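According to numbering that gives the first Met the number 0, the sequence shown is numbered sequentially starting from 0.
We put the beta carbon where it would ideally sit given N, CA and C, even for glycine.
For clarity, every value in this text was computed on a predicted model and none was experimentally measured.
What follows is a single structure, written as structure tokens, with notes after it.
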Amino acid sequence: MKIGMMSRWNAACGVSMHAELVGRAWVQMGHALKVLAPEEWDKPLTREDEPYVRRCYCLPHHLDEKGKKRYFFDRSPFLEDFDVFVIQNLERMPMEDLLSVFPRIRKSSRTVLVIHEGGAPEDASFYRFCFDAVVCFDERYKDRFLRGIFPEEKIHIISYPCHPLKKGDKEEARKKLCLPLDKKIVFNYGLGVFRHLHLLPQLERLSKSCPLMFLTLTEVQDWYDLFEVAKKRYGFIELRKGPVSMELLYDYLHASDVLVLHKDSAEGVVVSSTIYACLGSGCPILAYETNFVENFSSEIIKYKNLRDFSRKLEDIFKEKPFVKETLSKAEEFVKKNSSFEVAKKFIELFERL
Numbered sequence: 000m001k002i003g004m005m006s007r008w009n010a011a012c013g014v015s016m017h018a019e020l021v022g023r024a025w026v027q028m029g030h031a032l033k034v035l036a037p038e039e040w041d042k043p044l045t046r047e048d049e050p051y052v053r054r055c056y057c058l059p060h061h062l063d064e065k066g067k068k069r070y071f072f073d074r075s076p077f078l079e080d081f082d083v084f085v086i087q088n089l090e091r092m093p094m095e096d097l098l099s100v101f102p103r104i105r106k107s108s109r110t111v112l113v114i115h116e117g118g119a120p121e122d123a124s125f126y127r128f129c130f131d132a133v134v135c136f137d138e139r140y141k142d143r144f145l146r147g148i149f150p151e152e153k154i155h156i157i158s159y160p161c162h163p164l165k166k167g168d169k170e171e172a173r174k175k176l177c178l179p180l181d182k183k184i185v186f187n188y189g190l191g192v193f194r195h196l197h198l199l200p201q202l203e204r205l206s207k208s209c210p211l212m213f214l215t216l217t218e219v220q221d222w223y224d225l226f227e228v229a230k231k232r233y234g235f236i237e238l239r240k241g242p243v244s245m246e247l248l249y250d251y252l253h254a255s256d257v258l259v260l261h262k263d264s265a266e267g268v269v270v271s272s273t274i275y276a277c278l279g280s281g282c283p284i285l286a287y288e289t290n291f292v293e294n295f296s297s298e299i300i301k302y303k304n305l306r307d308f309s310r311k312l313e314d315i316f317k318e319k320p321f322v323k324e325t326l327s328k329a330e331e332f333v334k335k336n337s338s339f340e341v342a343k344k345f346i347e348l349f350e351r352l
């Protein structure tokens with residue numbers, strides 16, 4: 000099957016993560032994939048683009064590396080014939096230019112929209128597109144806003160994909176990354192590492208009875224600088240610069256005792272792409288209880304407040320029985336929703352259209 004996909008790619012965001020996980024699975028399954036991706040001027044790529052990736056447009060209001068507005072849209076790649084054409088996160092795409100080529104796309108391809116939007120978009124251009132199928136990640140999207148936009152029969156639920164199960168050896172990973180073997184490692188990574196600053200006093204108290212390291216990995220220079228300042232006060236902080244490939248991210252996860260995620264609730268329907276990406280590592284995930292994790296139950300460990308955070312972190316360090324049970328549930332979830340299983344469900348949908 001020849002599949003075209005318009006999406007961010009090799010970028011540090013949930014849309015790109017979804018596209019990469021299912022897209023690479025399609026390629027491994029023998030399908031011909033062509034990714035039409037935007038230029039990413041403002042942030043480095045997480046890895047070098049594959050031969051099937053074409054960067055042929057810019058996201059609206061995108062800024063280049065010098066902070067100047069820069070926009071272009073190359074029509075030619077969109078005029079190829081595909082069996083299926085998939086669009087990820089339409090709301091963020093250059094919709095006006097896309098509308099100019101969309102009739103041609105519809106003529107030669109079955110069209111599928113993957114919903115990343117958390118609510119009904121305000122831009123009227125969104126409603127001028129017609130798709131053969133619309134895919135969302137769970138019932139919340141369907142119940143809360145999609146039924147009011149698309150016909151019921153066009154809406155399909157396919158889970159956000161998990162990175163395939165990939166466990167590792169903690170000691171080997173630490174040696175590879177030059178990390179200490181005699182400390183508990185609390186891992187914090189990504190664009191939102193600043194959200195964990197308020198946890199530092201709790202970690203400091205715990206460090207008095209249990210030597211630990213707060214391993215922070217980020218590609219955002221402002222947050223790196225912020226943690227460099229914090230490190231003068233909290234010496235247990237270890238800083239590393241990103242972005243990193245998924246392979247290297249898993250090395251960090253294998254080296255860590257726990258991955259911490261703190262993110263306040265957002266408006267609309269959301270998922271945590273970080274959890275889906277990291278769940279297959281075998282590293283426990285300790286996450287703040289908000290709507291970002293409402294679709295998870297026993298696959299991760301949730302905390303409600305700072306006191307609860309400290310107590311559960313200590314339990315993780317002590318490897319209490321419930322931690323092992325959580326990791327077992329996480330493994331079951333990953334096997335059911337791995338990128339290959341999700342990619343198969345997409346192919347089955349494409350074949351039905």
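Item                                                                                                : Value
Contact check, VAL333 vs HIS162, beta carbons under 9 Å                                             : yes
Contacting residues, own chain, Cβ-Cβ under 7 Å from PHE101 (five flanking each side not counted)   : PHE128
Secondary structure of HIS16, DSSP reduced to three states                                          : The question names His, but residue 16 is Met in the sequence shown. Three-state result, MET16: helix.
Nearest-angstrom Cβ-Cβ length linking GLY3 and PHE130, presumed shorter than 8 Å                    : Contact doesn't hold; Cβ gap of about 14 Å is too wide.
Cβ-Cβ distance between ARG53 and ALA36 below 9 Å                                                    : yes
Reference TRP40, options LEU58, HIS30 and LYS335, closest by Cα                                     : LEU58
Beta-ladder partner(s) of SER337, from DSSP                                                         : CYS161
Runs of alpha helix (DSSP H) wholly within the segment 197 to 278 (minimum 4 residues, chain order) : 199 to 206, 220 to 232, 245 to 254 and 272 to 277
Coil, strand or helix - ALA10 by DSSP                                                               : coil
Sub-9 Å separation of ALA286 and SER271 beta-carbons                                                : yes
Enclosing alpha helix (DSSP H) for ARG143 [first to last residue]                                   : 138 to 143
Cutoff 7 Å; reference SER124; Cβ partners in own chain excluding five residues on either side       : MET94, GLU95 and LEU98
Spatially closest choice to GLU152 from MET245, PHE316 and VAL133, by CA coordinates                : VAL133
Contact the segment 190 to 200 vs the segment 220 to 232: 3+ CB pairs below 8 Å                     : yes
Bridge-paired residues (DSSP) for THR110                                                            : PHE84
Distance, SER107 Cα to LYS323 Cα                                                                    : 50 Å
Where TYR302 sits in the DSSP three-state scheme                                                    : strand
The segment 308 to 322 / the segment 253 to 271 touching (three or more Cβ pairs under 8 Å)         : yes
Residue(s) in a DSSP beta bridge with ILE284                                                        : LEU258
Status (buried if at least 16 other CB within 10 Å, exposed otherwise) for GLY197                   : It should be pointed out that residue 197 corresponds to His in this sequence rather than to Gly. Answer is exposed; the Cβ neighbour count stays below 16.
Rounded straight-line distance, which links the Cα of LEU278 to that of LYS165                      : 9 Å
CB of TYR140 within 9 Å of CB of ILE156, strictly                                                   : yes
Helix, strand or coil at LEU97 according to DSSP, with G and I counted as helix                     : helix
CA nearest to the CA of HIS30, picked from TYR51, VAL111 and ARG351                                 : TYR51
Exposure label - MET28; buried when at least 16 CB within 10 Å                                      : exposed
Residues bridged to TYR188 [DSSP beta-bridge criterion]                                             : LEU216
C-alpha distance - GLY234 paired with PRO242, whole-angstrom precision                              : 23 Å
Residues that ARG154 bridges to, as DSSP identifies them                                            : According to the sequence shown, residue 154 is Ile rather than Arg. In DSSP, ILE154 forms a bridge with VAL133.
Beta carbon proximity, VAL134 to chain D, threshold 9 Å                                             : In the displayed structure, chain D is absent; only one protein chain is listed.
Where ALA24 falls: helix, strand or coil (DSSP)                                                     : helix
Residue range of the beta strand (DSSP E) that includes ALA31                                       : 31 to 37
Beta bridge counterpart(s) of MET5 as assigned by DSSP                                              : LEU35 and ILE86
As assigned by DSSP and simplified to three states, the class of ARG372                             : The first residue shown for the chain is 0 and the last is 352, placing residue 372 beyond what the model contains.
Segment limits, beta strand (DSSP E) that includes ARG69                                            : It is not in any beta strand (DSSP E) - ARG69 carries neither H nor E in the DSSP assignment.
Beta-bridge partners of VAL52, as assigned by DSSP                                                  : VAL34
PHE291 to VAL269 span [Cα, whole Å]                                                                 : 6 Å
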